[in-house]
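Have a look at the structure below, then the notes.
Numbering (our numbering), first residue to last: 8 to 374.
Spelled out as structure tokens, the structure:
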């Protein structure tokens, strides 16, 4: 029985790594598109394709983080021993501080789209919630989502953003007021509502993902949620345009990440879970396939690849003089080339080392 559990655990973990790699690819597409000013500059089919990744790849990334925290602390929580639980919390807090500082360093390097400092705060809060009941996590995610919608309707959601290009420069980020506003309310991945994704990940992490029936139900439910949410979004937008105008209707009922409303979170959650379940299935069925193994190894170095896409990826764009007015086709080709480079690096690195360079530094400092 014990041996069977170990095998299942292994499959479950590599499935998550497989999903992480594709989440990184989606983030590469979106980030390179934004940084090169390529949004909307391409044929309709390509625009539709890349739009599918906007806010979806990041949502999957955060949900995977929530699942990871649950799996990481499962044994200590199950033991119900305060010493073990506190040890897990302290480890999470150390890693959260590492990621928070690393993210701010990237921000100092003018990577204003950073997710790591938000991620660090998510981890810090999540450490307090590893022992709470699943129903509490569900209610917390709903409350955070509703609070976010209230804040967006009550306050100026664009406050702090400036410059000629929308949502690139946050003018008062380095002031206390601006930093907290960005972190909690209207940054790229603010706690309200983005921490809902993390909580959803923690909830999923408590399910038995070895169970075929649970996977099938999750997949079916996630697809239904995504389709119904998208249909509801289109229907409500079309219905309310004559009464409140196109801009207001889009603001309230769109499923894009800016601004992240209730329908966006529902749709992005559905699509993220569907992709996750498909990734778990593929990684389990084709575990020994060389391509799947390469993607899994890439997913095991996601932190390294995230940092490298800022320094190496954007650095290459600067050298190539491709930082402005680019096409979506160029972005697709460049992101794909960078992803292939990341895969090759991962495969070669994992031949000699069990963890990526940034992952190793984090473990060395925090463990």
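Glycine included, each C-beta is placed from N, C-alpha and C at the ideal position. Since the model is a prediction, treat every value here as computed from it, not as a measurement.
Pair within 8 Å by beta-carbon distance, residue i and residue j
i, j, result
"residue 128", "residue 190", "yes"
"residue 70", "residue 208", "yes"
"residue 61", "residue 185", "no"
"residue 75", "residue 23", "yes"
"residue 308", "residue 366", "yes"
"residue 205", "residue 73", "yes"
"residue 273", "residue 232", "yes"
"residue 53", "residue 335", "yes"
"residue 281", "residue 229", "yes"
"residue 168", "residue 174", "yes"
"residue 223", "residue 193", "no"
"residue 21", "residue 294", "yes"
"residue 118", "residue 317", "yes"
"residue 107", "residue 124", "yes"
"residue 256", "residue 248", "yes"
"residue 311", "residue 98", "no"
"residue 164", "residue 200", "no"
"residue 25", "residue 354", "no"
First and last residue of the uninterrupted alpha helix (DSSP H) at residue i
i, result
"residue 7", "Shown here, the chain extends from 8 to 374; a query on residue 7 therefore has no answer."
"residue 291", "269 to 292"
"residue 37", "9 to 42"
"residue 51", "51 to 58"
"residue 329", "Counting along the chain, residue 329 falls outside any alpha helix (DSSP H), and DSSP gives it neither H nor E."
"residue 63", "63 to 86"
"residue 239", "219 to 251"
"residue 116", "Element bounds for residue 116: n/a, residue is neither H nor E."
"residue 196", "Where residue 196 is concerned, there is no enclosing alpha helix (DSSP H), given that its DSSP letter is neither H nor E."
"residue 314", "309 to 315"
"residue 366", "364 to 373"
"residue 162", "Run containing residue 162: none; DSSP gives neither H nor E here."
"residue 298", "297 to 306"
Cross-strand partners of residue i (DSSP beta bridge)
i, result
"residue 356", "Its beta-bridge partners do not exist; DSSP assigns none."
"residue 177", "168"
Burial state of residue i, where buried means 16 or more other Cβ atoms lie within 10 Å
i, result
"residue 12", "Any reading at residue 12 must be qualified, since the residue scores a pLDDT of 33, below 50, and its modelled position is unreliable; the value itself is stated next. Residue 12 comes out exposed."
"residue 159", "buried"
"residue 361", "exposed"
"residue 49", "buried"
"residue 246", "exposed"
"residue 8", "Only weak support exists for where residue 8 lies, its pLDDT of 33 falling under 50; the value from the coordinates is given anyway. Label assigned to residue 8: exposed."
"residue 197", "buried"
"residue 329", "buried"
"residue 27", "buried"
"residue 313", "buried"
"residue 150", "exposed"
"residue 345", "buried"
"residue 283", "buried"
"residue 275", "buried"
"residue 369", "buried"
"residue 271", "buried"
Nearest-angstrom Cβ-Cβ length linking residue i and residue j, presumed shorter than 8 Å
i, j, result
"residue 78", "residue 269", "Between residue 269 and residue 78 the Cβ distance is about 28 Å, and since that is not below 8 Å, they are no contact."
"residue 39", "residue 341", "6 Å"
"residue 195", "residue 122", "7 Å"
"residue 57", "residue 35", "About 11 Å separates the two Cβ atoms, so there is no contact after all."
"residue 278", "residue 63", "5 Å"
"residue 92", "residue 83", "5 Å"
"residue 203", "residue 148", "4 Å"
"residue 44", "residue 333", "6 Å"
"residue 144", "residue 211", "Residue 144 to residue 211, Cβ: 10 Å. No contact."
beta-carbon residue i near the ligand PLP non-hydrogen atom, thresh 7 Å
i, result
"residue 241", "Because no ligand of any kind appears in the structure shown, any question about the ligand PLP cannot be addressed here."
Any C-beta of chain D under 8 Å from that of residue i
i, result
"residue 199", "Checking the listed chains, one finds no chain D in this structure; it contains a single protein chain."
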